[in-house]
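In my numbering, the protein residues as written are 18 to 182.
Printed below as a string of structure tokens:
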């Protein structure tokens with residue numbers, strides 16, 4: 018988990034090529050194993066394009082990250098913030114109490130920091146209601162649920178409908 022400004026700088030370093038970061042270059046993989054023309058444009062052009070297109074959306078899920086969020090969103094290479102609500106609520110001492118004033122205040126602080134920096138704020142939403150609430154609060158996007166849960170719940174719903182015959 019990210020707690021210090023140095024942690025966030027390291028994330029950028031791992032994700033971006035020079036001059037923004039220090040990402041390693043794997044020519045075979047980055048050229049889609051020979052199926053793309055990416056590298057043929059020249060390595061410097063390719064790296065510049067990657068630096069422009071790769072989004073770095075680190076998670077704010079600790080009190081440490083929350084305390085420096087205004088500084089984090091100003092870092093070159095940070096393209097937005099992804100909120101991990103479960104871990105953030107635990108770190109705040111109010112586990113999974115998403116209506117708790119301390120949690121609401123933290124969410125407002127993150128949203129305000131992102132808006133001032135003109136960067137997107139994204140949050141995990143484990144239900145349709147949580148997704149609706151996130152958009153109503155001002156989040157730019159949500160990561161809806163997890164694939165296994167959606168898959169299992171879909172099957173449960175379908176099996177229940179089949180059995181009702």
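Every residue gets a Cβ at the ideal spot worked out from N, C-alpha and C, and that includes glycine. Please read these numbers as outputs of a predicted model, since none were measured by experiment.
message: Given this structure, state the Cα-to-Cα distance separating residue 144 from residue 162, to the nearest angstrom.
response: 6 Å
- prompt: Ordered along the chain, which non-local residues of its own chain (more than five positions away) have a Cβ less than 7 Å from that of residue 102?
  reply: 115, 140 and 141
query: What number of angstroms, rounded off, separates the C-alpha of residue 184 from the C-alpha of residue 177?
result: Absent from the model: residue 184. The displayed extent of the chain is 18 to 182, so no value can be given.
- prompt: Alpha carbon to alpha carbon, what distance is there between residue 171 and residue 37?
  reply: 43 Å
- prompt: With a Cβ-Cβ cutoff of 9 Å, do residue 90 and residue 108 count as a contact?
  reply: no
Beta-carbon proximity list for residue 119, same chain, < 8 Å, skipping 5 on both sides: 109, 110 and 111
query: Which residues in the same chain have their Cβ closer than 6 Å to the Cβ of residue 39, if we skip the five residues on either side of it in sequence?
result: Result list for residue 39: 30, in chain order.
query: Can you name, in chain order, every residue of its own chain whose Cβ lies under 8 Å from the Cβ of residue 127, other than the five neighbours on each side?
result: 77, 83, 86, 98, 100 and 138
message: Considering Cα atoms alone, identify which of 88, 106, 113 and 75 is closest to residue 96.
response: For residue 96, the closest alpha carbon among the candidates 88, 106, 113 and 75 is that of 75.
field: Buried/exposed call for residue 123, threshold 16 Cβ in 10 Å
entry: buried
- prompt: In chain order, what residues of the same chain lie with their CB nearer than 6 Å to the CB of residue 155, ignoring the 5 residues before and after it?
  reply: 128
query: Where residue 61 and residue 34 are concerned, what is the direct C-alpha to C-alpha distance, given to the nearest angstrom?
result: 10 Å
Residue 152 and residue 159 closer than 9 Å at C-beta: Taking 9 Å as the Cβ cut-off, residue 152 and residue 159 qualify as a contacting pair.
query: Hey, which unbroken runs of the beta strand (DSSP E) at 3 residues or more fall wholly within the stretch 97-148?
result: 98-100 and 138-142
Check whether residue 58 and residue 66 have beta carbons under 9 Å apart: yes
query: In angstroms, rounded to a whole number, what distance separates the CA positions of residue 125 and residue 132?
result: 10 Å
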